[in-house]
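Here is the structure we will look at, set down as structure tokens.
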Amino acid sequence: MVALLELVEPIALRVDADGRVTPASPAAARWLAARPGAPSLGALFGAASPAFLRSLAESSGKAVPEHPWPEGPAVWDLSLEPSDVVLAVGVAIRPPRALASQLAHATLLDKSLALAVLPRESAAPLGERLQPKAYRESTVMFIDAVQFSRLAARVDPVTCLKQLDFFFSAFDQITSAFAVEKLRTAGDTYVAVAGIPHRRLSHAVDATFAALRCAQVVASGLVPMVDDWDWSFRIGLHSGPCISGVLGAKKPVYDLWGDTVSIASHVERVGQADSVCVSGAVKQLIEPFFALEFLQTTVTRSVGEVEVYAVRGLLPELQADDQAVVANAEFQQRYESRFASPCPAVALEALGVELGQGLDEF
Numbered sequence: 001m002v003a004l005l006e007l008v009e010p011i012a013l014r015v016d017a018d019g020r021v022t023p024a025s026p027a028a029a030r031w032l033a034a035r036p037g038a039p040s041l042g043a044l045f046g047a048a049s050p051a052f053l054r055s056l057a058e059s060s061g062k063a064v065p066e067h068p069w070p071e072g073p074a075v076w077d078l079s080l081e082p083s084d085v086v087l088a089v090g091v092a093i094r095p096p097r098a099l100a101s102q103l104a105h106a107t108l109l110d111k112s113l114a115l116a117v118l119p120r121e122s123a124a125p126l127g128e129r130l131q132p133k134a135y136r137e138s139t140v141m142f143i144d145a146v147q148f149s150r151l152a153a154r155v156d157p158v159t160c161l162k163q164l165d166f167f168f169s170a171f172d173q174i175t176s177a178f179a180v181e182k183l184r185t186a187g188d189t190y191v192a193v194a195g196i197p198h199r200r201l202s203h204a205v206d207a208t209f210a211a212l213r214c215a216q217v218v219a220s221g222l223v224p225m226v227d228d229w230d231w232s233f234r235i236g237l238h239s240g241p242c243i244s245g246v247l248g249a250k251k252p253v254y255d256l257w258g259d260t261v262s263i264a265s266h267v268e269r270v271g272q273a274d275s276v277c278v279s280g281a282v283k284q285l286i287e288p289f290f291a292l293e294f295l296q297t298t299v300t301r302s303v304g305e306v307e308v309y310a311v312r313g314l315l316p317e318l319q320a321d322d323q324a325v326v327a328n329a330e331f332q333q334r335y336e337s338r339f340a341s342p343c344p345a346v347a348l349e350a351l352g353v354e355l356g357q358g359l360d361e362f
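Residue numbers (full-length UniProt numbering): 1 to 362.
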């Protein structure tokens, strides 16, 4: 937002005994240069002569122009200096071009801050109340640190949070590369969704691939152990319908509602640590691309029984590495043929080494 003081600027003028007006500041020089001709004392201060202006300075200390300029100053504060020089100080509105530039900059800043917490489509009409949207298909992903409370009790808070921030920042890079929308973090839990707000058929495959890369970051050992503690995360996914929307006016929050969210959270809770676990609904959508292993049937309060599977990586014929997390040309061809959309380029590349930078302070 633009502060009120940023919209105005002080104007200081000196008037000598002969009535000559000179600027006493750079802003005053610009302001005088923008006035047509040489403004008279009457036009500037409502004074017929230098002597009258000095009398105003000695008595009221104020001067009011006969016909104030639209951008001001509307009132001048007067004071006497040596040699009968009058110092007049007022406040004027900044020039239109500078004001427009300031407002544009503030608008872009507000927009960038909104885009940091809201999807682009939701942040566009910032002044409007957004209506909820229903999506028939989406894949929600939950990532949760295992036994984080015990870790926080053993390790100093600064080190603990710096390491958690490294993982969450890495997850941000990965989900963004696979067009998976980060929703929020709550404590040690990271939540994201694919297929919202951009509807696409590949949402389950994109989310699963992103989840495998997130698990790879955790298993890579980029963050050193602290107090003999090794980080571990559970990752759970479920596909289904959702309702999205923005709540709140002062601190708007973009979130999802529906059974899909609660089932994804449940799959994460009952899943294996250091692996990607998915529901039967996700399994049906991704089995042409990934190798899966049945783990168990669990019961949820909302929909009853849910099958849980562990994703062991890409199918052998689609792998380009020994860790089963880098896709080959056949994967790309199958992806683009099935979904009629370009395969994410990051799927064909190894995990970026840039994720390991910035860890020297641990």
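From the three backbone atoms N, C-alpha and C, an ideal C-beta is built for every residue, glycine too.
Residue from the options with nearest C-alpha to residue i
{"i": "Ala273", "options": "Trp76, Val146, Ala88", "result": "Val146"}
{"i": "Leu41", "options": "Ala24, Val64, Gly313", "result": "Val64"}
{"i": "Gln323", "options": "Ala264, Ala33, Leu212", "result": "Leu212"}
{"i": "Val86", "options": "Ala74, Pro73, Ala51, Ile93", "result": "Ala51"}
{"i": "Leu80", "options": "Ala74, Gly90, Ser55", "result": "Ser55"}
{"i": "Ala177", "options": "Thr185, Val155, Cys214, Cys160", "result": "Cys214"}
{"i": "Trp76", "options": "Ala12, Glu58, Ile243, Gln216", "result": "Ala12"}
{"i": "Leu247", "options": "Asp165, Ser239, Ser265, Leu256", "result": "Leu256"}
{"i": "Glu287", "options": "Ala310, Val8, Thr300, Ser275", "result": "Ala310"}
{"i": "Leu315", "options": "Phe209, Ala48, Ala47, His203", "result": "Phe209"}
{"i": "Asn328", "options": "Tyr335, Ser337, Glu336, Leu318", "result": "Leu318"}
{"i": "Thr300", "options": "Asp84, Val218, Ala264", "result": "Ala264"}
{"i": "Glu9", "options": "Glu66, Ser49, Arg35, Val89", "result": "Val89"}
{"i": "Val91", "options": "Phe171, Arg150, Leu44, Arg334", "result": "Leu44"}
{"i": "Val303", "options": "Gly280, Arg312, Gly313", "result": "Gly280"}
{"i": "Gly245", "options": "Leu222, Thr22, Tyr135, Ser59", "result": "Tyr135"}
{"i": "Ala179", "options": "Arg200, Cys277, Asp230, Cys242", "result": "Arg200"}
{"i": "Ala47", "options": "Thr185, Val21, Ala33, Val282", "result": "Val21"}
{"i": "Asp18", "options": "Pro252, Val217, Leu32, Leu53", "result": "Leu53"}
{"i": "Asp230", "options": "Ser49, Val155, Ile243, Val253", "result": "Val155"}
{"i": "Glu66", "options": "Pro344, Cys242, Pro39, Leu32", "result": "Pro39"}
Neighbour-count burial assignment, residue i, 16 or more Cβ in a 10 Å radius
{"i": "Arg234", "result": "buried"}
{"i": "Gln131", "result": "exposed"}
{"i": "Gly236", "result": "buried"}
{"i": "Ser169", "result": "exposed"}
{"i": "His198", "result": "exposed"}
{"i": "Asp188", "result": "buried"}
{"i": "Phe294", "result": "exposed"}
{"i": "Leu109", "result": "Only weak support is given to the placement of Leu109: the predicted model assigns it a pLDDT of 46, under 50, and the question is left unresolved by the model."}
{"i": "Ala192", "result": "buried"}
{"i": "Pro342", "result": "exposed"}
{"i": "Val353", "result": "Below a pLDDT of 50, predicted positions are generally treated as unreliable, and Val353, at 43, falls in that range; the measurement from the model is reported next regardless. Exposed, by the Cβ-count rule."}
{"i": "Val306", "result": "buried"}
{"i": "Glu181", "result": "buried"}
{"i": "Asp165", "result": "exposed"}
{"i": "Ala123", "result": "With a pLDDT of 49 at Ala123, under the threshold of 50, the modelled position of this residue cannot be trusted, and the question is left open."}
{"i": "Leu351", "result": "buried"}
{"i": "Lys250", "result": "exposed"}
{"i": "Thr175", "result": "buried"}
{"i": "Pro73", "result": "buried"}
{"i": "Leu151", "result": "buried"}
{"i": "Ser149", "result": "exposed"}
{"i": "Gln333", "result": "exposed"}
{"i": "Leu161", "result": "exposed"}
{"i": "Asp321", "result": "exposed"}
{"i": "Asp206", "result": "buried"}
{"i": "Gly221", "result": "exposed"}
{"i": "Ala57", "result": "buried"}
{"i": "Ala28", "result": "buried"}
{"i": "Gly61", "result": "exposed"}
{"i": "Gly271", "result": "buried"}
{"i": "Gly313", "result": "buried"}
{"i": "Ala153", "result": "exposed"}
{"i": "Leu183", "result": "buried"}
{"i": "Ala347", "result": "buried"}
DSSP bridge partner residues for residue i (one or two, in chain order)
{"i": "His238", "result": "Val140"}
{"i": "Asp255", "result": "Gly245"}
{"i": "Pro10", "result": "Val91"}
{"i": "residue 363", "result": "Only positions 1 to 362 of the chain appear in this structure, which leaves residue 363 out of reach."}
{"i": "Phe233", "result": "Ala145"}
{"i": "Cys277", "result": "Gly236, Ala310"}
Cβ separation of residue i and residue j, assumed to be a contact under 8 Å, to the nearest whole Å
{"i": "Thr297", "j": "Val140", "result": "Not quite, the Cβ-Cβ distance comes to about 20 Å (not below 8 Å), so this is no contact."}
{"i": "residue 365", "j": "Ala204", "result": "Given a span of 1 to 362 for the chain in the structure shown, any question on residue 365 remains unanswerable."}
{"i": "Ser239", "j": "Phe339", "result": "Not a contact, Cβ separation roughly 14 Å."}
{"i": "Ser275", "j": "Ala194", "result": "Wrong, their Cβ atoms sit about 19 Å apart, outside the cutoff."}
{"i": "Phe142", "j": "Glu349", "result": "Not confirmed; about 26 Å, so no contact."}
{"i": "Arg14", "j": "Ala24", "result": "5 Å"}
{"i": "Phe289", "j": "Phe331", "result": "7 Å"}
{"i": "Val223", "j": "Gln173", "result": "Not a contact, Cβ separation roughly 15 Å."}
{"i": "Val308", "j": "Cys277", "result": "6 Å"}
Residue i beta carbon near the ligand MG (any heavy atom closer than 7 Å)
{"i": "Ala34", "result": "Among the components of this structure there are no ligands whatsoever, and the ligand MG is therefore not found."}
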